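In this note's numbering, the protein residues as written are 49 to 170.
Written out as structure tokens, the structure reads:
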């Protein structure tokens with residue numbers, strides 16, 4: 049089974065979600081601990097805009113054939129860490145809808161771990 053596209057796809061989903069938050073989508077209940085019922089305040093919208101760019105860059109770098117193997121390995125290590133931390137933080141969120149993101153995070157961490165275990169070291 050081809051698994052190398054799972055991490056870029058999951059990062060793309062997160063990038064799109066963060067871009068939506070930055071644009072003012074009423075998804076406050078499923079982000080940032082669920083503290084906001086609708087749109088995020090301007091400060092968090094700015095954070096989401098920056099996060100969207102970072103996640104998109106990671107997705108592109110992991111999907112690109114020309115990305116150096118050492119950089120891909122570092123990105124997979126980062127995705128493993130983000131997945132592990134995100135799984136826990138989303139699972140303990142006071143926001144019930146935000147808890148669903150723990151499944152996304154678990155998927156990202158597991159897919160990245162798989163790629164690390166089954167790829168050659170640079």
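Note that the Cβ used here is the ideal one computed from N, Cα and C, for glycine as well.
Quick caveat: nothing in here was measured; it's all calculated off a predicted structure.
**Nearest-angstrom Cα separation, counted from residue 77 out to residue 145** = So the two alpha carbons sit approximately 7 Å from each other.
**Prompt:** Under the three-state reduction of DSSP, which class applies to residue 75: helix, strand or coil?
**Reply:** The answer is coil: DSSP assigns residue 75 none of H, G, I, E or B.
**Request:** Leaving aside the five residues before and after residue 147 along the sequence, list all residues of the same chain whose C-beta is less than 7 Å from its C-beta, in chain order.
**Result:** Within the same chain, residue 147 has close Cβ partners 138, 139 and 141.
**Message:** Checking 8 Å against the spacing of the C-beta atoms, do residue 157 and residue 118 come in under that value?
**Reply:** At least 8 Å separates the beta-carbon of residue 157 from that of residue 118.
**Prompt:** In terms of residue numbering, what span does the alpha helix (DSSP H) encompassing residue 147 cover?
**Reply:** Counting along the chain, residue 147 falls outside any alpha helix (DSSP H), and DSSP gives it neither H nor E.
**Request:** Give the secondary structure of residue 143 by DSSP, where H, G and I count as helix, E and B as strand, and everything else as coil.
**Result:** In this structure, residue 143 counts as coil in the three-state DSSP scheme.
**Message:** Tell me the DSSP secondary structure of residue 167 in three-state form.
**Reply:** Coil, per DSSP.
**Item:** Where residue 120 sits in the DSSP three-state scheme
**Value:** Residue state, collapsed to three classes: helix.
**Request:** Kindly indicate the opening and closing residues of the alpha helix (DSSP H) around residue 109.
**Result:** Going by DSSP, residue 109 is part of the alpha helix (DSSP H) stretching over 90 to 111.
**Message:** Is it the case that the region 89 to 104 contacts the region 65 to 73, given that we only count it when at least three CB pairs across the two stretches are under 8 Å?
**Reply:** Taking 8 Å as the limit for Cβ pairs, the verdict is that the region 89 to 104 does touch the region 65 to 73.
**Prompt:** If we count the other Cβ atoms within 10 Å of its Cβ and call it buried at 16 or more, is residue 128 buried or exposed?
**Reply:** Buried, because 16 or more other Cβ atoms sit within 10 Å of the Cβ of residue 128.
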